[in-house]
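Q: Once you've had a glance at the structure underneath, I'll fire off some questions.
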């Protein structure tokens, strides 16, 4: 009984040595895991030190993953004991893989497998630099503030991904399969956004020299901010709203019931079929020079 009371109060700290076999440049490395105790309500916390060359994240788990920049690569996990036991964390080369296995809960001899509840699991990742993020599974990902040279993001499978503040030279995002992306602030020389299969992308404060947008299959892209040039390709019921983006030069092609709203300051070229809709506003110079090509 006293042991149970100590666990409930979080006063018991247990060090657990866990060896994860990870292939790294042909060598086997170990990932140290420290169980730092249990919180009130049955929540536990563990920490994992990662190798310094980590730059890529493959997140396929549930719960919520928070990613921030730090001096060292380190992962802290919080959750119910059942949820933590189902987590698999491996580092292969420069890539961190976070996955979950299904757990079995037996009731009267019946043991159906299920994923641990995302409400019972949180990850906190510090990383010196990140250049590639893959997000699928069932969890939520929150990234930033973050400053790096190049960032490539692939998001799919009905998941939510949020970026607070990103400062990067080259930013490339691919969203699909009902993914939901929110970007608060994005400052980049080049921005490429590709959305498909009912994905939604919202970027509230974009500042870039070159903007590339590709959207199809009922995807929606909403942007606000500033761009020197924009090249836009839309098809198959895609929706693109850039009416709050001040763009100097715009080149847009829209087909197959695609819908676009945009702003042009110096030059606007529109190519669309009869079923697409492009609404635009612009300067007096653009209104005088504007010409529409039907195909």
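In my numbering, the protein residues as written are 1012 to 1306. Even for Gly, the Cβ is constructed at its ideal location relative to N, Cα and C. Predicted, not measured: the structure shown is a model, and the values here were computed from it.
(1) Please report the distance separating the alpha-carbon of residue 1294 from that of residue 1258.
(2) When you compare each of 1187, 1167, 1229 and 1235 to residue 1195 by their alpha carbons, which one comes out closest?
(3) Check whether the Cβ atoms of residue 1207 and residue 1230 lie closer than 7 Å to each other.
(4) Indicate the three-state DSSP secondary structure (helix, strand or coil) for residue 1202 in the structure shown.
(5) Starting from residue 1092 and walking both ways along the alpha helix (DSSP H), at which residues does that stretch end?
(6) Provide the residue span of the beta strand (DSSP E) that contains residue 1160, from first to last.
(7) On the criterion of 16 or more Cβ atoms from any shown chain inside 10 Å, does residue 1063 qualify as buried, or is it exposed?
(8) Can you tell me which of the three DSSP states residue 1237 falls into?
(9) How far does the beta strand (DSSP E) with residue 1277 in it extend, from its first residue to its last?
(10) Consult DSSP for residue 1224 and reduce its assignment to one of helix, strand or coil.
(11) Could you check the C-alpha separation between residue 1071 and residue 1157 for me, to the nearest Å?
(12) Output yes or no for whether 7 Å exceeds the beta carbon distance between residue 1287 and residue 1262.
(13) From the DSSP output, in three-state form, read off residue 1183 for me.
(14) Within the continuous alpha helix (DSSP H) that includes residue 1112, where are the two ends?
(15) Touching or not, the stretch 1169-1186 and the stretch 1094-1113, by the rule of three or more beta carbon pairs under 8 Å?
(16) Quick one: residues in its chain with C-beta nearer than 6 Å to the C-beta of residue 1135, no 5 flanking neighbours on either side, listed in chain order?
(17) Tell me which same chain residues have a C-beta within less than 6 Å of the C-beta of residue 1191, skipping the five on either side of it?
(18) Return yes when the Cβ of residue 1053 is within less than 7 Å of the Cβ of residue 1091, no when it is not.
(19) Would you call the CB atoms of residue 1069 and residue 1133 closer than 7 Å?
(20) Which same chain residues end up closer than 6 Å to residue 1193 when comparing Cβ atoms and leaving out the 5 residues on each side of it in sequence?
(21) Would you decide whether residue 1160 is buried or exposed? Buried here means 16 or more other CB atoms lie within 10 Å of its CB.
(22) Less than 7 Å between the C-beta atoms of residue 1252 and residue 1272, yes or no?
(23) Excluding sequence positions up to five away, which residues of its chain have a Cβ less than 7 Å from the Cβ of residue 1065?
(24) Pick helix, strand or coil for residue 1355, following the three-state DSSP scheme.
(25) Closest to residue 1296 by CA distance: which of 1260, 1081 and 1290 is it?
A: According to the data block:
(1) Computed Cα separation, rounded: 11 Å.
(2) Comparing Cα positions, the closest option is 1235.
(3) For residue 1207 and residue 1230, yes; Cβs fall inside 7 Å.
(4) In this structure, DSSP gives residue 1202 an extended state, which the three-state scheme calls strand.
(5) Element bounds for residue 1092: 1092-1096.
(6) DSSP places residue 1160 in the uninterrupted beta strand (DSSP E) bounded by 1157-1166.
(7) That one is exposed.
(8) In this structure, residue 1237 counts as strand in the three-state DSSP scheme.
(9) That residue, residue 1277, is in no beta strand (DSSP E); it is neither H nor E in DSSP.
(10) Residue 1224 falls in the strand class under three-state DSSP.
(11) The alpha-carbon separation between residue 1071 and residue 1157 amounts to approximately 21 Å.
(12) Contact: no.
(13) DSSP places residue 1183 in the strand class (E or B) of the three-state scheme.
(14) Annotation for residue 1112: no alpha helix (DSSP H) segment contains it, and DSSP assigns it neither H nor E.
(15) Contact between the stretch 1169-1186 and the stretch 1094-1113 is absent: fewer than three C-beta pairs spanning the two stretches fall below 8 Å.
(16) Its chain contains 1077 and 1087 as the residues whose beta carbon lies nearer than 6 Å to that of residue 1135, once the 5 sequence neighbours on both sides are disregarded; these appear in chain order.
(17) Within the same chain, Cβ atoms closer than 6 Å to the Cβ of residue 1191 are found at 1171 and 1211, the five residues on either side in sequence being excluded.
(18) Closer than 7 Å, so yes.
(19) Between residue 1069 and residue 1133, the C-beta gap is not smaller than 7 Å, which leaves the two residues out of contact.
(20) Result list for residue 1193: 1173 and 1213, in chain order.
(21) Its Cβ having fewer than 16 others within 10 Å, residue 1160 is exposed.
(22) A contact, by the Cβ cut-off of 7 Å.
(23) Contacts found: 1084, 1102, 1105, 1107 and 1138.
(24) Nothing in the structure corresponds to residue 1355, since the chain is present only between 1012 and 1306.
(25) Residue 1260 is the option with its Cα nearest to residue 1296.
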